[in-house]
Amino acid sequence: MRNTQSTQLLFELSRSGRRAALLPDLDPEVAAAGEDLPAEHCAASPPPLPELAEGDVIRHFTNLSTLNMSVDTHFYPLGSCTMKYNPKRNERLAALPGLADVHPLQTDESLQGMLRLLYDLQNMLAEISGLPAVSLQPAAGAHGELTALMVAHAYFAKRGEDRPVVLTADSAHGTNPASAAMAGFETKAVKSNADGLVDLEDLRSKLNDRVAVFMLTNPNTLGLFDHQICEITAAVHEAGGLVYLDGANMNAILGLSRPGDFGADMMHYNPHKTFSGPHGGGGPGAGPICVRDFLEPFLPSPTIEHDAEQDRYRLQYDRPESIGRVRSFFGNTGVLLRAYFYIRSYGGEGLRQVSEDAVLGANYLLSKVKHILDVPHGERCMHEFVASASRLKKEQGTSAMDIAKRILDYGFHAPTVYFPLVVDEAVMIEPTETESKETLDAFAEALFRVTEEAGDLIHEAPHSTRISRPNDVAAARKPIVKWTEGD
Amino acid sequence: MYLFHTEADRRAMLESIGAASMEEILHQQIPENARFDRTLDLPPAVSEMELQREVVRAAAENASAVSHVCFMGAGAYDHFVPAAVDAIASRGEFFTSYTPYQAEVSQGNLQAMFEYETLVTQLTGLDVSNASLYDGGSAAVEAVIMALSVGKGRKRVVTAATVHPEYRQILETYLHGLGCELVTAPLEADGTSSSVTELIDDQTACVLIQHPNFFGRLEEVAEISAAAHAAGALVVQVFDPISLGTLKRPGDLGADIAVAEGQCLGNPLAFGGPYLGVMACRNELVRRLPGRIAGQTVDRRGNRCWVLTLQTREQHIRREKATSNICSNQTLLALRATVYLSLLGPQGLQETAEHCYRKTRFAQQQIESLQRFSLPFTGPVFKEFVVKDHQGDVQGLMAAMLEQGYLAGIPLGTWYPELQDCYLMAVTERRTRAEIEAFGQALSNVPSSGVVAGA
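Going down the list, the sequences are from chains A and B. Read left to right, the first sequence gives residues 1 to 487 (the UniProt record's numbering). Read left to right, the second sequence gives residues 1 to 455 (the UniProt record's numbering).
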């Protein structure tokens, strides 16, 4: 009989009376302190959590971990999401007691080391973006988008301009329109042209005195640097609007091009993509934003200031024109510190090399993949490119999803599929700079083999994983989102 | 440093691409008017050894809950984290994995998320939970936005002055963009917001309360819920997960949506983040629940398994009509909370809550016995309480206590001008009797000027 313990749930492993964590005995004098909590506030019994021994817990989660792919174990050619190697030094440093055990409401005086690191990070992010004013507060990229749009809203309100519209590129990340809606704007999509770039005519036709912001990603989600970028930003500025740059792809242009220089007024970083940071299965990330100096007064509170005379750092809460607060306490400091460590490890020339190698790896893989799948938009790319399985689907019934699932059997994480929406049967590939030529060769070879396969081998893949092709439709129709006894 | 290519590799790759140089590729892509033509002005690259030396030095300049004895709270607490939490969370397979869109190679994360969701429903007594949000403050705001979305045009949000002031600040920022009205019930003399019910009307979409409140005081949630429901409004309750070792659960008190800061569940203080936004709600609200949700299903072979579900609510499908723009969650911190709660179990959570409660009472007694201080709010508290300094020099007091090795508390004047001479302190299970007694002693040694003799 096969041991199935590892696939059971915590709740199924629970045995009444089993314990892991033991607390010290409560000192009798402390126990006797004061009256009990009033009975009307007290529960009859504690919540029905599972009861386990420490060994149960460790074995359970260790076994679960082996069911995940991860960067430490596998190559993720995952377009747009930039899964690159996570340096181990960053983890050790972020865990230092003077960083990990600092309370968020300590006085500035007791935080000088922390504030200096974060202040220096602000300056480094400003230099890399070419935009001088920074808020480290947003908790994720989408949170950065929302915060910046609120900043734009406050800016136009101060100028007495009513601009209720935000334009987004149709190839944009879905968070762009969602963030605009959350900030109270109506959104309109700007079309892509046949080259996958912003359709300048369509943009011009939609620009007017009601448009507050044009949000775009550059390099875009097809991995292309929009060569009209300066014309685009000039057109938006001419109409009195602001340009928001979705910084999801900043890892492609470090030291090669700066958003502030090509006309962006606001941007966010995804430090976990650009400067590396563990994705942790979906989070946490962070979403610091950089803006032009005329937008600085509206940034959320607090910001970090440096008093050069006394060489002291302090948190500035007194910001009368600020949009206010967007997150409790300071921000996702742990993630931000990792970005700091990463940038310090590379320096300016090193960062440029990072981007050059990311672009080199992507073009190398592109030169191989174009013989396997169609790549509709160009012979060259930045850090990622989008292939299409459209022809393969017509000719032999293999979809982008089939490719994604089958490649798992070859020991690679799947590429991003069905995004961006502007490419049919999209297969979006981003190798990142932290993969060797050997790995890229092996992936191209596996991809080639997958496209040669057919039938059930493809449609029922993956075959080597613990489960295969879960029924998403059933999951959504009658959601089971928690364990219930007897299920 | 983390790059792989040798110069020979780079040459071979360029040759295979058919490009003469890297410049050629870059020039084809980036137009001249957008090229950056100098080197970024950043500090020079440093080796791991040098970086460590620098950062260790910077870290040593900070006071922390390790170098000092911590009595600071206000939504971020110095609770004990068992070693097993770090051991599991630092496994690369969890740490460096991606969002589980490819369920086949993410069952570890998905099952852990499903277990987290179940634990949150067990904790809160509510029906469903998401797989976490950014932090307690944004969870509170997302809950209010969720309530507004079911409120059929109701645009009024009633809150209490005893809800975490930063959460209310975030709410103000968000509601401004959405054109909604926020009204706040004042702080009562006993440290509660009992008058919150008087502000509820037929335009009220929801009531936001915190229990135990920002000052540690217990609120009458059941009464407030009844009043809100009678007016057709929803109730959003901010709770302290640790308190549920002994207090009644939000679902049992009538809350429709419960949110919390999950930092206390096995996550470090980390100067405020990353933290963990906990959120649970009643079944009928599940399709408005923001953030990711893991659900159970079967695969084509009939095996029980887990997937991300109800994704049609999310921005990658609904775009501008999504229930929220949130596109990530705090999986790694939710995992830590899952391991933490698994280790504690019902008994451990109850004992932890008991330690917090009793040690808080003990600390209150120590401080109350000192002439300089009093406790302005009467009535029961959990884990946290307000102290009034009759000499009114809270900042000086805190600075002097820092010198003596204590993170003594948080001055309240910034948020509550009427509490200019008060500070908030928290006592977790980590504090010992000896520490609390020494703390009382240290407090009594601080002269009124705030300067410690001889220091």
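All C-beta atoms, glycine included, are put in the ideal place defined by N, C-alpha and C. Predicted model, so just to flag it, every value in this text is computed and none were measured.
Chain B contact residues for residue i, given Cβ-Cβ distances below 7 Å
i, result
"A/Asn68", "Glu93, Phe94, Ser97, Val105, Ser106, Gly108 and Asn109"
"A/Asp357", "Leu3 and His5"
"A/Met83", "Tyr98"
Min CB distance residue i to chain B below 9 Å
i, result
"A/Leu457", "no"
"A/Gln310", "no"
"A/Asp472", "yes"
"residue 535 of chain A", "This structure cannot settle anything about residue 535 of chain A, because the visible part of chain A is limited to 1 through 487."
"A/Glu161", "no"
"A/Leu131", "no"
"A/Ala178", "yes"
"A/Leu93", "yes"
"A/Cys230", "yes"
Pairwise C-alpha distance: residue j and residue i
i, j, result
"B/Gln366", "B/Glu437", "7 Å"
"A/Gly411", "A/Thr4", "24 Å"
"A/Met150", "B/Ala205", "23 Å"
"B/Gly216", "B/Glu198", "22 Å"
"B/Ala453", "B/Ser67", "With a pLDDT of only 44 at B/Ala453, under 50, the local geometry of the prediction cannot be trusted, and no value is derived from it."
"A/Arg15", "B/Val339", "16 Å"
"B/Pro165", "A/Ser328", "9 Å"
"A/His371", "A/Val422", "22 Å"
"residue 490 of chain A", "A/His153", "The displayed coordinates of chain A run from 1 to 487. Any statement about residue 490 of chain A would go beyond what the structure contains."
"B/Val85", "A/Asp72", "20 Å"
"B/Val386", "B/Phe214", "10 Å"
"A/Ala442", "A/Asn363", "16 Å"
"B/Leu370", "B/Met401", "15 Å"
"B/Arg91", "B/Gly108", "12 Å"
"A/Phe75", "A/Ile429", "11 Å"
"B/Thr6", "A/Leu440", "15 Å"
"A/Tyr340", "A/Gln316", "21 Å"
Chain B residues whose Cβ lies nearer than 8 Å to that of residue i
i, result
"A/Ala20", "Pro82, Ala84, Ser342, Leu343, Leu344, Gly345 and Gly348"
"A/Cys42", "Thr246, Leu247 and Lys248"
Partner residues on chain A for residue i, Cβ-Cβ distance less than 8 Å
i, result
"B/Gln28", "Arg380"
"residue 495 of chain B", "Since the first and last residues shown for chain B are 1 and 455, residue 495 of chain B lies out of range."
"B/Gly237", "Checking the sequence, you will find Gln at residue 237 of chain B rather than Gly. Simply none; closest approach about 13 Å."
"B/Ser328", "Ala140, Gly141, Ala142, Gly282, Gly283, Pro284 and Gly285"
"B/Arg372", "The premise fails here: B/Arg372 is roughly 21 Å from chain A at the closest Cβ pair, so nothing lies under 8 Å."
Contact list for residue i against chain A, beta-carbon separation under 9 Å
i, result
"B/Tyr406", "Those do not exist, as B/Tyr406 stays about 11 Å from chain A at its closest Cβ, beyond 9 Å."
"B/Gln296", "Ala475, Pro479, Ile480, Val481, Lys482, Trp483 and Asp487"
CB contact check: residue i to chain A, cutoff 9 Å
i, result
"B/Val55", "yes"
"residue 486 of chain B", "Residue 486 of chain B lies beyond the range of chain B shown here (1 to 455); nothing can be said about it."
"B/Cys281", "no"
"B/Met425", "no"
"B/Gly454", "The predicted model places B/Gly454 with a pLDDT of 41, which falls under 50 and marks its position as unreliable; any figure quoted below should be read in that light. No - not a single Cβ of chain A is within 9 Å of the one on B/Gly454."
"B/Val446", "no"
Per-residue contacts from residue i into chain A (C-beta, under 7 Å)
i, result
"B/Arg358", "Leu26, Val30, Ala31 and Ala33"
"B/Ser64", "Pro97, Gly98, Asp101 and Val102"
"B/Thr162", "Simply none; closest approach about 16 Å."
"B/Gly137", "Arg327 and Ser328"
"B/His316", "Gly174"
Spatially closest choice to residue i from the options, by CA coordinates
i, options, result
"B/Arg156", "B/Pro82, B/Arg35, B/Ile200 and B/Glu223", "B/Ile200"
"A/Asp456", "A/Pro479, A/Thr73 and A/Ile403", "A/Ile403"
"B/Phe373", "B/Cys422, B/Val81 and B/Leu208", "B/Cys422"
"A/Glu40", "B/Thr246, B/Glu368 and B/Ala434", "B/Thr246"
"B/Ala231", "B/Thr173, B/Ser21, B/Val207 and B/Val221", "B/Val207"
"A/Thr465", "B/Val120, B/Asp299, B/Thr173 and B/Gly191", "B/Asp299"
"A/Arg204", "A/Val190, A/Ala194, A/Ala212 and A/Asp195", "A/Val190"
"B/Gln347", "B/Leu308, B/Ala434, B/Leu123 and B/Tyr2", "B/Leu123"
9 Å Cβ cut-off: residues of chain B touching residue i
i, result
"A/His237", "Ordered by position in chain B, no residue passes the 9 Å Cβ test against A/His237, which lies about 15 Å from the chain."
"A/Arg89", "Glu48, Leu51 and Gln52"
Against chain B: residues of the segment 363-393 of chain A by CB proximity under 7 Å
Asn363, Tyr364, Ser367, Arg380 and Met382
Scan the segment 5-27 of chain B for residues whose Cβ lies nearer than 8 Å to a Cβ of chain A and list them as they occur along the chain.
His5, Asp9, Arg10, Ala12, Met13, Leu14, Ser16, Ile17, Gly18, Ala19, Met22, Ile25 and Leu26
Name, going along the chain, the residues of the segment 33-59 of chain B whose beta-carbon falls closer than 7 Å to a beta-carbon of chain A.
Asn33, Ala34, Arg35, Phe36, Thr39, Leu40, Asp41, Leu42, Pro43, Pro44, Ala45, Val46, Glu48, Leu51, Gln52, Val55, Val56, Ala58 and Ala59
Output, in sequence order along the chain, the residues in the segment 196-220 of chain B whose CB is closer than 8 Å to any CB in chain A.
Leu218
Scan the segment 332-354 of chain A for residues whose Cβ lies nearer than 8 Å to a Cβ of chain B and list them as they occur along the chain.
Asn332, Thr333, Gly334, Val335, Phe341, Ile343, Arg344, Ser345, Tyr346, Gly347, Gly348, Glu349, Gly350, Leu351, Arg352, Gln353 and Val354
For the segment 53-68 of chain A, which residues have a beta carbon sitting closer than 9 Å to at least one beta carbon of chain B?
Glu54, Asp56, Val57, Ile58, His60, Phe61, Thr62, Asn63, Leu64, Ser65, Thr66, Leu67 and Asn68
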